Every structure is written in structure tokens, then in C-alpha cells.
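To convert, note that position 11 of the sequence shown is 11 in our numbering; the numbers rise steadily by one, no gaps.
Beta carbons are placed, not taken as given, at the ideal position from N, Cα and C, and that holds for glycine.
Predicted model, so just to flag it, every value in this text is computed and none were measured.
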Amino acid sequence: MGVFASSGQARSFDYRAGDAGYILFAMGHYIENTGKGTLHFPELLKSDYYADISLNQYLANTPSERVRQHLHLDDEFMNNLSLKKTPVIK
Numbered sequence: 001m002g003v004f005a006s007s008g009q010a011r012s013f014d015y016r017a018g019d020a021g022y023i024l025f026a027m028g029h030y031i032e033n034t035g036k037g038t039l040h041f042p043e044l045l046k047s048d049y050y051a052d053i054s055l056n057q058y059l060a061n062t063p064s065e066r067v068r069q070h071l072h073l074d075d076e077f078m079n080n081l082s083l084k085k086t087p088v089i090k
């Protein structure tokens with residue numbers, strides 16, 4: 001799991017079966033299955049309201065001049081950003 005903050009800080013963690021992780025409110029994060037088996041990922045929330053946005057959507061909703069300026073991304077990358085969420089399931 002990778003967790004990142006707006007201040008440019010980021011950490012990654014390797015979890016094994018039975019481990020638990022905690023993500024602070026409003027921290028960006030991603031989960032990647034690096035094992036060979038199926039990943040079962042229960043997510044528990046403190047609120048009765050759930051909303052999410054992918055990093056792709058987040059960047060697509062941010063003014064492109066700012067994204068280019070801060071992340072130094074090329075036109076091809078910028079043109080492939082999408083406002084539509086596309087789940088990644090293998």
C-alpha cells in the first residue's frame with residue numbers, strides 16, 4: 001500500500017495475510033497486490049458516507065497548467081487523463 005500527502009511526503013508498506021493498515025483522513029493512497037494469490041481487501045470507514053476519486057480523475061480535475069508545472073508531465077500523459085473512473089481489475 002502506498003500513502004501520500006499533499007506536502008509531497010509518501011510511504012509504502014508491505015502487508016501480509018492478517019495484517020491491518022490505517023490511513024489518515026483525506027490521505028491519498030493506493031493498493032497493489034504484489035502476491036500471486038487473490039487479494040481480499042475489506043475497507044472500513046468511520047463515516048456513513050463514502051466517496052472516492054482516482055488519481056487519474058484528481059489530476060484531470062486539476063487545472064492542467066498546474067499539473068504540468070508541478071509534475072512536469074508531457075502532452076501525451078496529460079491527454080490521457082480522464083474524468084471518468086476506470087476500475088482496475090485483473
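Option in 56, 7, 20, 47 with minimal Cα separation from residue 86: Ranking 56, 7, 20, 47 by Cα distance to residue 86 puts 56 first.
Beta-carbon gap between residue 28 and residue 1 smaller than 7 Å: Cβ distance not < 7 Å, so residue 28 and residue 1 don't count as in contact.
Backbone CA spacing between residue 33 and residue 66 [nearest angstrom]: If you take the alpha carbons of residue 33 and residue 66, they lie about 31 Å apart.
C-alpha distance - residue 3 paired with residue 15, whole-angstrom precision: Looking at the two C-alpha atoms, the distance is approximately 13 Å.
Residue 31 beta carbon less than 7 Å from that of residue 41: A contact, by the Cβ cut-off of 7 Å.
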